[in-house]
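The structure under discussion appears below in the form of structure tokens.
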Amino acid sequence: MAGCCAVLAAFLFEYDTPRIVLIRSRKVGLMNRAVQLLILAYVIGWVFVWEKGYQETDSVVSSVTTKAKGVTVTNTSTLGFRVWDVADYVIPAQEENSLFIMTNMIITVNQTQGFCPELPDKTTVCKSDANCVAGSSGTHSNGIATGRCVLFNGTVKTCEVAAWCPVEDDSHVPKPAFLKAAENFTLLVKNNIWYPKFNFSKRNILPNITTTYLKSCTYDAVTDPFCPIFRLGKIVESAGHSFQDMAIEGGIMGIQINWDCNLDRTSSLCLPSYSFRRLDTRDVDHNVSPGYNFRFAKYYSHLTGAEHRTLIKAYGIRFDIIVFGKAGKFDIIPTMINVGSGLALLGVATVLCDVIVFYCMKKRYYYREKKYKYVEDYEQGLGGEMDQ
Amino acid sequence: MAGCCAVLAAFLFEYDTPRIVLIRSRKVGLMNRAVQLLILAYVIGWVFVWEKGYQETDSVVSSVTTKAKGVTVTNTSTLGFRVWDVADYVIPAQEENSLFIMTNMIITVNQTQGFCPELPDKTTVCKSDANCVAGSSGTHSNGIATGRCVLFNGTVKTCEVAAWCPVEDDSHVPKPAFLKAAENFTLLVKNNIWYPKFNFSKRNILPNITTTYLKSCTYDAVTDPFCPIFRLGKIVESAGHSFQDMAIEGGIMGIQINWDCNLDRTSSLCLPSYSFRRLDTRDVDHNVSPGYNFRFAKYYSHLTGAEHRTLIKAYGIRFDIIVFGKAGKFDIIPTMINVGSGLALLGVATVLCDVIVFYCMKKRYYYREKKYKYVEDYEQGLGGEMDQ
Amino acid sequence: MAGCCAVLAAFLFEYDTPRIVLIRSRKVGLMNRAVQLLILAYVIGWVFVWEKGYQETDSVVSSVTTKAKGVTVTNTSTLGFRVWDVADYVIPAQEENSLFIMTNMIITVNQTQGFCPELPDKTTVCKSDANCVAGSSGTHSNGIATGRCVLFNGTVKTCEVAAWCPVEDDSHVPKPAFLKAAENFTLLVKNNIWYPKFNFSKRNILPNITTTYLKSCTYDAVTDPFCPIFRLGKIVESAGHSFQDMAIEGGIMGIQINWDCNLDRTSSLCLPSYSFRRLDTRDVDHNVSPGYNFRFAKYYSHLTGAEHRTLIKAYGIRFDIIVFGKAGKFDIIPTMINVGSGLALLGVATVLCDVIVFYCMKKRYYYREKKYKYVEDYEQGLGGEMDQ
């Protein structure tokens, strides 16, 4: 018990600090300070100032709504004079983080369930029924083969299929794009972001923006960088592509909103930054179904109960709104981790200088003698001990 | 070779440990231990216990399905007595992480392609054809101007447009909301989460919940915190808004599911926690298109081939299901990083006490003499060396 | 001023290095080196080689498009002989990261607004009007009760509801699935990824893949691991489920694309890896609305203005494309943090050996005497100082 108390007292009331050799040498002293300075500059400059190593970071949680505006007219032999408004060209009417604007289309009107010849291609052209296998269906078939070989037009015979007839002929995509006027349509993007860790939320319609401004502005990287209304043509141009080219076969445009925020500063400096990138690759060498398109149908019913549909292969541009960003705020944990690592690195300065002083310098044996005390493992070695 | 062996032997068989001054002083000893204790308490308490610095973390991967239930009736002059069920008010029928419930609408029935006067506003009211520019189309236009000025009603003349006629009049939003009964509709949210790094998956319908309970329960933060069925009215209320107000112009509600899991403990403690937040901002000062709405149309065709449509401007609440969370599990890497930093910080105690002992205490010169050995750069300095 | 200069000179031109006891002992020396080796092996081996602690990491930003292909025919008494193509079974026509393929359905044709008896169940079966509460509507009701009790069929009476009539009878799900042939449909997934921090982008159609290959290939984990065209049946099988079972009540399949990339190596080694997981849980014990289904309607209008609709309860498989992954690239910050922590850990070797040498070894008192110098707090203690 008494021994235990003595140990505790020794533990509490004793202070141990390493014994130090102070070498008075300009060369070594300056070198040591220079190395320490470099490490300190790195720790403070790079880790703390540049990379903000003293901050806790959080990823953005975001909600996006979009609204397209614009009307255009087309005049074709199939459809006649026709007006197109938002309800016609935005499909589906609403999505979460994206918006599809139809720019081109292949329309097949008045399709009914029935039997009709396939489109001629190398697998469907036939000479007689023997060339057609009943019940078969290829990857690009419009229906199920009946096994009969029928006239497609005056000269060509193709296998007959059970399908929505007449089958769609998508071999020729309209050029220029059917709704080429979509270039001037506008897109309003409303984005609300939230950093859950810091309970910080903000939206891309900034507090200092007036309704009047919002009613008339259009985004421009230089003049109107915070206007959330985008001209479709400009979005595609900013990404380095041609809208009229893209409109023909469709494509996907990323509208990237970057919210990099330093929450140690005032929240009014946390601003969205927009950038645009084409997300589908136009690589002519190995492309299946280039661009972006999908098929949908409008279904109609006669009083007689017979159903018919209008099939539309819609080519267009899908605008994906991609919101990303990181917010940083001072936090004790990463600060301490970085301070700890920095201190450990400062120790490297001593190691480095030790190597130079005790291995490379002329007077190394003299210095070593000062730093080291040799203790032999055997007690008779006491005499051999080189004390200073 | 022999020299090399000697160096290797010295390297392997020598153990170097710093020489220590043990200062027997109550003041200094206690201070040193106190500082060490503080640092230790910080490292253990804050980093390890509070922030779980010993854990590797992973972000959640989630899949969500939703299902709305509820029927209501309306009785208006335009539409007569009408029943509304899920297929009528959920648009589109399915989405990935969100669900739109129509609560209000402006319906324009029997629109056909044609020519008709625009809605009167400051840009469309005209006195003669001279006021209307053929082919022009403003941001809020319903069509393309034909250049004629025609009677809108008995007194007002507006520019004629080629459009779906008659044009939609959305100047008055119905108050109260058309489908105000949506407040009592319910929403079932099924959520399956996965932490890829730990290959841990769970769903929000907990294993101890019975089918009977699920058939009758409604979420309540206090009494039924794990029931995945939400009354729409309650969601909006929990976020501090009024459902009936929100139903008029629409809005976006975030249903946040937080899965913060400590996977070092049993998986049954990894539970979802629901919270609700309004994601669109009701800021009356600078708001373009407040609330949430979009337009869609139902297309009809006559036997004669003439197409007409019913245009619906749907106001409603979009419920975005936002799943987030972090799972933590013991991992050697972050533990070691934090232990390393902690040890480095312990060294700070010695530095701090050294400063006090050797610079501030009365007996500092006496102590310094014990800690430091001065070595001059020149050999004749040997005599000047203050050895102890 | 002069004193200040002296202090500065002392600071700059003095080099302090700890004084070291070198113990020449095979046992202690070897132990020390072994512990250091272990720590070094851990820092280098585990942190740097295995966990790539020298890398900065970034999470993936991704864009996905999907395209389904396939045609099938059905022959039922309700619908007759009917062909189903993409526009019929993909609902909605396009989504951002997912695709729904209808595999089964309950179709209720020619519904009109009106009054009709409810489906008989324990809450709707009635004997007289007294059993039916006018205006009431349960969770599973198809409409609003009128308060009348009417004949459902020859024997059963149920409460009458204002609803789309006749009401849907979804008590029997067709078995086998209506569109069971969907097993052979194919799904093309185009995925474009981006690591913003490293400005690195890639797509899942690899540069060395030819168009010819893409036109004919089907994904197989072993033979065609980079073909982005999936047979639906194979996806479900790979996840360990039966497509035909899943097709009946629907479900959700996750197509996981993992892009784990080491950007320190050539970008051609950054490859997608596909895996499949069923995301909804088939847990028979506590399941509300098992599988995956939703209702939608096609609306038709007669010349007379009367609207009728076809209600479809669509069961099917939703394919969620989940893209995740981390890219790593050498960066000085995490390297330094880990080096710093590693160095601090090396210090642990000395602490550990010190404990053994100065507390456990037989000659501990002899060694202690060499390492420690005791300094008393009082000046008369000078004599008691045990110098070496």
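Residue numbers (our numbering), protein chains in the order written: chain C, 67 to 454; chain Y, 67 to 454; chain Z, 67 to 454.
Ideal Cβ placement from N, Cα and C applies to all residues, glycine included.
Determine, using beta carbons only, whether C/THR284 and C/ARG297 come nearer to each other than 7 Å.
Their beta carbons are under 7 Å apart, which means C/THR284 touches C/ARG297 by this criterion.
In chain Y, which residues lie with their C-beta within 9 Å of the C-beta of Z/SER91?
Under the 9 Å cutoff, chain Y gives PHE79, GLU80 and TYR81.
Listed in chain order, which residues of the region 359 to 379 of chain C have Cβ atoms closer than 7 Å to some Cβ of chain Y?
Listed by position, the residues of the region 359 to 379 of chain C near chain Y (Cβ gap below 7 Å) are LYS364, TYR366 and HIS368.
Opening and closing residue of the beta strand (DSSP E) in which C/SER339 lies
From DSSP, the beta strand (DSSP E) with C/SER339 extends over 339 to 344.
List the whole-angstrom C-beta distance separating Z/TYR365 from Y/LYS364, where the pair is believed to meet the contact cut-off of C-beta under 8 Å.
Between Z/TYR365 and Y/LYS364 a beta carbon distance of about 5 Å is seen, short of the 8 Å cut, so the two are scored as contacting.
Span of the beta strand (DSSP E) around Y/PHE88:
The question names Phe, but residue 88 of chain Y in the sequence shown is Leu. Note, Y/LEU88: beta strand (DSSP E), 86 to 90.
Leaving out five residues before and five after Y/TRP260 in sequence, what residues of the same chain have Cβ atoms less than 6 Å from its Cβ?
Cβ within range, chain order: VAL127 and SER267.
Would Z/ARG269 count as contacting chain C if we go by Cβ distances under 7 Å?
So yes, Z/ARG269 belongs to the interface.
One question on the structure: do Z/PRO84 and C/PRO84 come within less than 7 Å of each other, judged by their Cβ atoms?
The beta carbons of Z/PRO84 and C/PRO84 sit closer together than 7 Å.
What is the DSSP secondary structure of Y/ALA100, reduced to helix, strand or coil?
DSSP places Y/ALA100 in helix when its eight states are reduced to three.
Rounded straight-line distance, which links the Cα of Y/VAL423 to that of C/ILE86:
Taking the straight line joining both Cα atoms gives about 15 Å.
In whole angstroms, give me the CA-to-CA distance for Z/PHE181 and C/ALA153.
Cα to Cα, Z/PHE181 sits roughly 32 Å from C/ALA153.
Compare the C-beta of Z/PRO158 with all C-beta atoms of chain Y and state if any pair is closer than 7 Å.
With 7 Å as the cut-off, Z/PRO158 counts as an interface residue toward chain Y.
What residues in the region 228 to 246 of chain Y have a beta carbon less than 8 Å from any beta carbon of chain C?
From the region 228 to 246 of chain Y, only ALA228, ALA229 and TRP230 have a Cβ closer than 8 Å to chain C.
Are the region 68 to 80 of chain Z and the region 390 to 399 of chain Z touching, with three or more C-beta to C-beta distances below 8 Å?
The answer is no - the region 390 to 399 of chain Z does not touch the region 68 to 80 of chain Z, with fewer than three Cβ pairs under 8 Å.
In the DSSP assignment, the alpha helix (DSSP H) including Y/VAL130 goes from what residue to what residue?
Membership of Y/VAL130 in any alpha helix (DSSP H) is not indicated; the residue belongs instead to the beta strand (DSSP E) covering 127 to 135.
Going by Cα to Cα distance, which pick from Z/GLU117, Z/PRO356, Z/ASP236 and Z/ASN258 is closest to Z/THR131?
Between Z/THR131 and the set Z/GLU117, Z/PRO356, Z/ASP236 and Z/ASN258, the nearest pair of CA atoms involves Z/ASN258.
On the three-state DSSP scale, how would you describe Y/ILE301?
Looking at Y/ILE301 - three-state DSSP - the assignment turns out to be helix.
Could you run through the region 412 to 441 of chain C and flag, in chain order, every residue whose CB is less than 9 Å away from some CB of chain Z?
Residues GLY413, VAL414, THR416, VAL417, CYS419, ASP420, VAL423, PHE424, TYR433, LYS436, LYS437, TYR438, LYS439, TYR440 and VAL441.
Selection of the region 317 to 349 of chain Z by Cβ proximity to chain Y, strictly under 7 Å
Under the 7 Å Cβ criterion, the region 317 to 349 of chain Z contributes ILE318, GLY320, LEU345, ASP346 and THR347.
With a threshold of 7 Å between beta carbons, is Y/ILE86 in contact with chain C?
With its beta carbon less than 7 Å from one in chain C, Y/ILE86 belongs to the interface.
Mapping DSSP to helix, strand and coil, what is Z/GLY317?
In the structure shown, the three-state DSSP call for Z/GLY317 is strand.
Residues of chain C with CB closer than 8 Å to the CB of Z/ILE399, please, in chain order.
Simply TRP112, VAL113, GLU117 and GLY119.
Per DSSP, C/ALA229 forms a beta bridge with which residues?
Listed as beta-bridge partners of C/ALA229 by DSSP are C/GLY180.
Chain Y contact residues for C/MET168, given Cβ-Cβ distances below 8 Å
Taking a Cβ-Cβ threshold of 8 Å, none of the residues of chain Y is close to C/MET168; the smallest such distance is about 14 Å.
How big is the Cα-Cα spacing for Y/CYS225 and Y/SER207?
Going by the C-alpha atoms only, they are around 11 Å apart.
Proximity winner among Z/LEU104, Z/SER237 and Z/THR178, relative to Z/SER367 (alpha-carbon distances):
Among Z/LEU104, Z/SER237 and Z/THR178, the Cα nearest to that of Z/SER367 belongs to Z/THR178.
Y/ILE207 versus chain C: which residues are under 8 Å apart at the beta carbon?
Looking at the sequence provided, one finds Ser at residue 207 of chain Y rather than Ile. Under the 8 Å cutoff, chain C gives VAL137.
If we ignore side chains and look at the alpha-carbon of each, how far apart do Z/ASN163 and Z/ILE323 end up?
Cα to Cα, Z/ASN163 sits roughly 12 Å from Z/ILE323.
What span of residues does the beta strand (DSSP E) with C/LEU236 cover, start to end?
Just to set this straight, residue 236 of chain C is Asp in the shown sequence, not Leu. Run containing C/ASP236: none; DSSP gives neither H nor E here.
For Z/ILE399, which three-state DSSP category applies?
Assigned with DSSP and collapsed to three states, Z/ILE399 falls in helix.
Could you give the uninterrupted runs of the beta strand (DSSP E) lying entirely in the region 260 to 304 of chain Y, keeping only those of 3 residues or more?
The DSSP assignment places complete beta strand (DSSP E) segments of no fewer than 3 residues inside the region 260 to 304 of chain Y at 266 to 269 and 295 to 297, in order along the chain.
Given that a residue counts as buried once 16 or more other Cβ atoms are within 10 Å of its Cβ, and exposed if not, what is Z/LYS188?
Counting of Cβ neighbours within 10 angstroms places Z/LYS188 among the exposed residues, the total staying below 16.
For the region 87 to 101 of chain Z against the region 165 to 177 of chain C, are there 3 or more C-beta pairs whose distance is under 8 Å?
Flag = no, the region 87 to 101 of chain Z and the region 165 to 177 of chain C do not touch.
Exposed or buried, which one is Z/TRP325 when buried takes at least 16 other CB atoms within 10 Å?
By the 10 Å Cβ count, Z/TRP325 comes out buried.
Buried versus exposed call for Y/ASN219 [16 or more other C-beta atoms within 10 Å across all chains shown]
Exposed: under 16 other Cβ atoms inside 10 Å.
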